[in-house]
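Visitor: Protein chains in written order, with the numbering used here: chain A, 146 to 335; chain B, -1 to 302.
1) At a CB-CB cut-off below 7 Å, which residues of chain A make contact with residue 203(B)?
2) Indicate the three-state DSSP secondary structure (helix, strand or coil) for residue 29(B) in the structure shown.
3) Which residues in the same chain as residue 178(A) place their Cβ atom closer than 7 Å to its Cβ, once the five residues preceding and following it in sequence are excluded?
4) Does residue 56(B) get closer than 9 Å to chain A when you measure Cβ to Cβ?
5) Note down, in chain order, each residue of its chain lying with its Cβ closer than 7 Å to the Cβ of residue 329(A), except the 5 sequence neighbours on either side.
6) Across the segment 67 to 83 of chain B and the segment 223 to 230 of chain A, are there enough close Cβ pairs to call them in contact, namely three or more that are closer than 8 Å?
7) Any beta carbon of chain A sitting closer than 9 Å to that of residue 212(B)?
8) Report the option in 2(B), 205(B), 57(B) whose CA atom is closest to the CA atom of residue 274(B).
9) At least one CB of chain B closer than 9 Å to the CB of residue 158(A): is that the case?
10) Name the chain A residues that come within less than 8 Å of residue 125(B), Cβ to Cβ?
11) Give the interface partners of residue 140(A) over in chain B, defined as CB-CB distance under 8 Å, in chain order.
12) Tell me which same chain residues have a C-beta within less than 8 Å of the C-beta of residue 295(A), skipping the five on either side of it?
13) Could you check whether the Cβ of residue 99(B) sits closer than 9 Å to any Cβ belonging to chain E?
14) Any idea if residue 59(B) is buried or exposed, counting beta-carbon neighbours within 10 angstroms, 16 or more meaning buried?
15) Measuring CB to CB, does residue 172(B) end up less than 9 Å from residue 164(B)?
16) Over what stretch of residues does the alpha helix (DSSP H) that includes residue 254(B) continue unbroken?
17) Starting from residue 330(A), find everything on chain B with Cβ-Cβ shorter than 8 Å and list it in chain order.
18) Would you report the Cα separation of residue 205(B) and residue 11(B), rounded to the nearest angstrom?
19) In terms of residue numbering, what span does the alpha helix (DSSP H) encompassing residue 80(B) cover?
20) Closest to residue 33(B) by C-alpha separation, out of 95(B), 277(B), 89(B), would be which residue?
21) Could you compute how far the alpha carbon of residue 194(A) sits from the alpha carbon of residue 187(A)?
22) Once DSSP output is grouped into helix, strand and coil, what is the label at residue 22(B)?
23) Can you tell which of 162(A), 269(A), 260(A), 242(A) has its C-alpha closest to the C-alpha of residue 198(A)?
24) Anything in the segment 160 to 189 of chain A with a Cβ closer than 7 Å to a Cβ of chain B? List those residues in chain order, please.
25) Which first and last residues belong to the alpha helix (DSSP H) in which residue 215(B) is found?
26) Does residue 286(B) get closer than 9 Å to chain A when you measure Cβ to Cβ?
27) Listing by chain order, which chain B residues have their CB less than 8 Å from the CB of residue 153(A)?
28) Under 9 Å between beta-carbons, which chain A residues line up against residue 168(B)? List them in chain order, please.
29) Under 8 Å by Cβ, that's how I've got residue 127(B) and residue 99(B) pegged, so tell me the actual separation to the nearest angstrom.
30) Using a beta-carbon distance below 9 Å, is residue 148(B) in contact with chain A?
31) With DSSP collapsed to three states, give me the class of residue 261(A).
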């Protein structure tokens, strides 16, 4: 497994050899760390899904994603990740069939998304909050044991800080000029 | 503390002035009702909401901070009663916050049928807008809209400007052109709060850039960024500290010229409005003393 992942986020980690990841959406559950590789909530239908995908791709042992818990209203992140795995992306990065507010994948490539879709089977327990049912689903995944998907996949470069060649006299932004008297104007204005 | 060379437009939202040079008009504060889990018992929702709106109005009068009510609508089933509630209990303009495109389209249809489009700020027109929704907006045009500068492809300040200006690489045209083509009069620009770790600071930086670029009322809802702070979840005295941070983070964009703030749940009006009155007083005093800015009459600088 890649040393750089998982991406920082609101999740807990269990056995990295486990084939199961669990997305609990708006709910908080704890799972047996010997049975689940990574679990946690997922709020947004764009950045949240990107983080989940990047983390899952970094660990090829993960072959199942259980999507459970109460849906995030408005964002519809649960419905959106199910749609992503089912339908993939449109050319402009929009997730096909998502009902979420701004369902775009922009920080990982289309290739990475395809690999993500191929790597995992999704277990649809959207709006299911019964811990017993969720645990049952995890057990069924463990029984299937699909094996590793191969090498870890680097979906993004972690160090993506932009080199910004601004001069020291840009107080706020390269397009703005602020006079010593506090007047804000465009750079091209005299 | 700043003044803009670019002319700044001021909109009159049925008596509430928003926009302009810093220090002229107090900051418009928008409090939201019907957040998820705001009320546990649906039967109590409307009753409680009436009290909260009354409280926001009272604090608005007390502090000279203008306010609007923002109403969350998640599902189509909620449209009719929530719009009816707004028309019954809110004077003037109100904001309708509808994350889903399908819901927004139904709302437009409903508002058109009952003749209430001139009462509404459409929150929001964003990257998620579909062709079908634009057609609906052309047919049933709300008086105002929040234009959300969220750009997942490029979330620095320039990317946020692009979404408003020309759509960047994700849209064929910018949200401002779309809004104008639809005939929306009041275009409020939202710099789109992002979580910590996702260029949250650009939400603030974008405020003066938007105002300089477009000359339109600009604001944001940075309380969403506070909610993303994982460290705070573990903090021992979280509830009390969270409330304080939730309110004080709004001071940052306003210092740079933000004209409106979506401050989150309306329950926080008791802290958010006095806080903003204090910030507006400082800004108005600085603008008046230094730039000779003419502060409006109904302003905490004069009344408090």
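Glycine included, every Cβ here is placed at the ideal spot set by N, Cα and C.
Guide: A quick look at the data gives this:
1) On the second chain, residue 203(B) is found 205 positions in, with the first residue counted as 1. Ordered by position in chain A, the residues that pass the 7 Å Cβ test against residue 203(B) are 317, 318.
2) For the purposes of this step, residue 29(B) is taken as residue 31 along the second chain, with counting starting at 1. Three-state result, residue 29(B): strand.
3) Locating residue 178(A) in the first chain gives position 33, where the first residue counts as 1. Hits under 7 Å: 159, 160.
4) In the second chain, counting from the first residue as 1, residue 56(B) sits at position 58. False, the Cβ-Cβ gap to chain A never drops below 9 Å.
5) Position 184 of the first chain, counted from the start, is the residue given in the question as residue 329(A). Cβ neighbours of residue 329(A) beyond the five flanking positions: 321, 323.
6) no
7) Taking the first residue of the second chain as 1, we reach residue 212(B) at position 214. No, no contact with chain A.
8) Looking up residue 274(B) in the second chain gives position 276. It is 57(B) whose Cα lies nearest to the Cα of residue 274(B).
9) For the purposes of this step, residue 158(A) is identified with residue 13 of the first chain, where counting begins at 1. It does not: the Cβ of residue 158(A) has no partner Cβ on chain B nearer than 9 Å.
10) Translated into positions along the second chain, residue 125(B) becomes position 127. Simply 247, 249.
11) What is shown of chain A runs 146 to 335, which leaves residue 140(A) out entirely.
12) By 1-based counting over the first chain, the position of residue 295(A) is 150. Same-chain partners within the cutoff: 205.
13) In the structure shown, chain E cannot be found, because the protein chains are A and B.
14) On the second chain, residue 59(B) is found 61 positions in, with the first residue counted as 1. Exposed, because fewer than 16 other Cβ atoms sit within 10 Å of the Cβ of residue 59(B).
15) Along the second chain, one-based indexing puts residue 172(B) at 174. Along the second chain, one-based indexing puts residue 164(B) at 166. Going by C-beta atoms, residue 172(B) is nearer than 9 Å to residue 164(B).
16) For this step, residue 254(B) is matched to residue 256 along the second chain. Run containing residue 254(B): none; DSSP gives neither H nor E here.
17) In the first chain, residue 330(A) corresponds to position 185, counting from 1. In chain order: 2, 3, 4, 210.
18) By 1-based counting over the second chain, the position of residue 205(B) is 207. By 1-based counting over the second chain, the position of residue 11(B) is 13. In a straight line, the C-alpha of residue 205(B) is about 21 Å away from that of residue 11(B).
19) As a first step, residue 80(B) is located in the second chain; it is residue number 82 there, counting from the start. Here the alpha helix (DSSP H) through residue 80(B) covers 77 to 87.
20) Sequence index remark: in the second chain, residue 33(B) carries index 35 (1-based). The shortest C-alpha separation from residue 33(B) is found at 95(B).
21) The residue you call residue 194(A) lines up with position 49 of the first chain. The residue you call residue 187(A) lines up with position 42 of the first chain. Roughly 7 Å separates the two Cα atoms.
22) Taking the second chain and counting its residues from 1, one reaches residue 22(B) at position 24. Of the three classes helix, strand and coil, the one that applies to residue 22(B) here is coil, per DSSP.
23) Indexing the first chain from 1 puts residue 198(A) at position 53. Answer by Cα proximity: 260(A).
24) none
25) On the second chain, position 217 is the one that residue 215(B) refers to. Looking at the DSSP string, residue 215(B) is not in any alpha helix (DSSP H), and its letter there is neither H nor E.
26) The residue given as residue 286(B) occupies position 288 in the second chain. For residue 286(B), the answer is no, since every Cβ of chain A falls outside 9 Å of its Cβ.
27) Position 8 of the first chain holds residue 153(A). Chain B residues near residue 153(A): 195.
28) As a first step, residue 168(B) must be located in the second chain, where it is residue number 170. Simply 237, 238, 239, 249, 251.
29) The count along the second chain starts at 1 and reaches residue 127(B) at position 129. The count along the second chain starts at 1 and reaches residue 99(B) at position 101. Going by Cβ atoms, the distance from residue 127(B) to residue 99(B) rounds to 7 Å, so yes, they are a contact pair.
30) In the second chain, counting from the first residue as 1, residue 148(B) sits at position 150. Answer yes: the Cβ-Cβ gap between residue 148(B) and chain A drops below 9 Å somewhere.
31) Position 116 of the first chain holds residue 261(A). In the structure shown, residue 261(A) sits in a helix (DSSP, three-state: H, G or I).
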